[in-house]
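Chemist:
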Amino acid sequence: MSYADDLRSCKYERNEIITDFESDSVCLLQLSRELQHRNYSPRTVEIYTNCLKFFLKWLHYDVSKITREKVLDFILYLQKQGKAPKTVNLYKEVIKFFCRQIIKVSLGQEIKLSKEPRKLPVVLSRFEIQRILDSVSNSKHKTLLSLAYGAGLRVSEIFYLCVGDINLDQKTIHIKSAKGQKDRITILPDKIFEDVKLLMG
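For any residue, its number in my numbering is found by taking its place in the sequence shown, counting from 1, and adding 111.
(1) Between which two residues does the beta strand (DSSP E) harbouring Ile-296 extend?
(2) Under DSSP, the beta strand (DSSP E) around Thr-178 begins and ends at which residues?
(3) Relative to the C-alpha of Pro-300, which residue among Gly-312, Asp-294, Lys-287, Asp-280 is closest?
(4) Just to confirm, is the Cβ distance from Glu-268 to Gln-212 under 7 Å?
(5) Hey, Leu-218 and Cys-210 are a contact pair by Cβ (cut 8 Å); roughly how many whole angstroms apart?
(6) At the level of alpha carbons, what is the spacing between Arg-119 and Pro-196?
(7) So, Cys-273 versus Val-205, is the Cβ gap smaller than 7 Å?
(8) Can you tell which of Ile-222, Glu-239, Val-174, Ala-259 has the C-alpha that lies nearest to the C-alpha of Lys-207?
(9) Threshold first: 4 residues or longer. Then list the alpha helix (DSSP H) segments lying entirely within the region 159-226, N to C.
(10) Measure the C-alpha to C-alpha separation of Val-266 and Phe-185 and round it to an integer number of angstroms.
(11) Less than 7 Å separating the beta-carbons of Val-156 and Ser-136?
(12) When you compare only the Cα positions, how much space is there between Ile-284 and Asp-276?
(13) Compute the Euclidean distance between the alpha carbons of His-148 and Leu-255, then round it to the nearest angstrom.
(14) For my contact list, Leu-139 and Lys-176 are in at a C-beta cut-off of 8 Å; report their separation, rounded to the angstrom.
(15) Are the CB atoms of Ser-246 and Ile-303 within a distance shorter than 7 Å?
(16) Have a look at the DSSP bridge pairing and note the partners of Asn-150.
(17) Which first and last residues belong to the beta strand (DSSP E) in which Ile-284 is found?
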């Protein structure tokens with residue numbers, strides 16, 4: 112199972128039965144607030160709260176059961192479920208953050224992260240990229256894909272990009288709260304300049 116599939120699987124159904132909704136909702140709310148106070152991105156807040164929700168469900172919503180042994184049992188459960196090492200490490204980080212910062216529970220000796228296999232990224236050729244772009248019939252979507260590829264933008268950066276972030280005179284793009292909550296400036300490629308200008312109206 113891929114890391115992306117794992118993230119989707121840690122989401123919960125809104126209509127599921129919760130045996131102790133009050134304490135459960137308080138835990139999630141406290142975690143969400145703490146993350147927001149630390150300027151974590153909305154996507155990170157969502158992922159962390161969903162992972163905590165999944166962990167609390169495994170605990171039958173009894174926070175008093177959280178011990179180092181229980182956390183290790185949960186990690187073993189995730190591994191037996193075929194979760195990717197990156198996903199298991201994400202849960203470890205969420206649980207450690209929740210215990211340390213929210214409920215002030217010590218897990219004793221540090222729980223080490225799982226080793227993640229290092230794979231080289233798949234790099235598409237220009238011909239393959241062009242084939243992908245040519246397959247997109249919607250001009251707006253095609254321009255956004257071209258912009259993401261040409262300017263080296265992440266999906267989240269394209270999603271939150273505003274018209275005011277693009278300076279046509281200087282041919283620059285202001286990426287706000289990028290990875291690590293840091294702003295950065297990137298170049299608007301000449302090849303798609305006219306398409307972007309047309310899209311901006």
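Think of the CB as a built atom: it goes at the ideal place given N, C-alpha and C, for glycine as much as any other residue.
Modeler: So, to answer that:
(1) 295-298
(2) Taken as a continuous stretch (DSSP letters only), Thr-178 belongs to no beta strand (DSSP E), as it is neither H nor E.
(3) Asp-280
(4) no
(5) 6 Å
(6) Unreliable positioning characterises Arg-119 in this predicted model, as indicated by a pLDDT of 48, which lies under 50. A coordinate reading is not provided.
(7) no
(8) Ile-222
(9) 179-191, 196-208
(10) 31 Å
(11) no
(12) 6 Å
(13) 32 Å
(14) With a Cβ gap of about 17 Å, Leu-139 and Lys-176 do not count as contacting.
(15) no
(16) Looking at the DSSP assignment, Asn-150 forms no beta bridge with any residue, so it has no partner.
(17) 283-286
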